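Working notes, beginning with the structure itself.
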Amino acid sequence: LARWRPGAVDDMLDAENKRLAENLSTKVTRLKSITMDIDREADDHNNYLDGMDSDYMSVTGLLNGRYNRKLLCYISAGFVGLFFVLYLVSRAST
């Protein structure tokens, strides 16, 4: 059997306390890193949403005037017609 010395229990409790404090420090560091990643991700998403908002507002501004709607309609019809002609040409060549 080991000999009993007066400060053995205190030393054992102190070593256990230091080990647990080190584990807690590691977990806190990991949580801090995760929260910083979440914050960075939230900022990125907010910037993305702000960009989408400004894009939406610019498209809304583009569609407000009658002339702009008419121009957009002609451009859309032109693209549909162009694709139809390309489809007919590719179908005729095969």
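Be aware that the sequence shown starts at 2, since it is given in my numbering, and climbs by one per residue.
Even for Gly, the Cβ is constructed at its ideal location relative to N, Cα and C.
Quick caveat: nothing in here was measured; it's all calculated off a predicted structure.
Would you kindly work out how many angstroms separate the C-alpha atoms of L89 and F80, rounded to a whole number?
-> Answer to the nearest angstrom: the Cα atoms are 14 Å apart.
Straight-line Cα distance separating S55 from A43 | Just so you know, the alpha carbons of A43 and S55 end up roughly 18 Å apart.
Can you tell me the Cα-Cα spacing of D11 and N24, whole angstroms?
-> Approximately 20 Å between the Cα atoms of the pair.
Would you tell me roughly how many angstroms separate the C-alpha atoms of N48 and R31, rounded to the nearest one?
-> Rounded to the nearest whole angstrom, the C-alpha separation of N48 and R31 is 26 Å.
L83 to K71, Cα distance in whole Å?
-> Those two C-alpha atoms are separated by around 18 Å.
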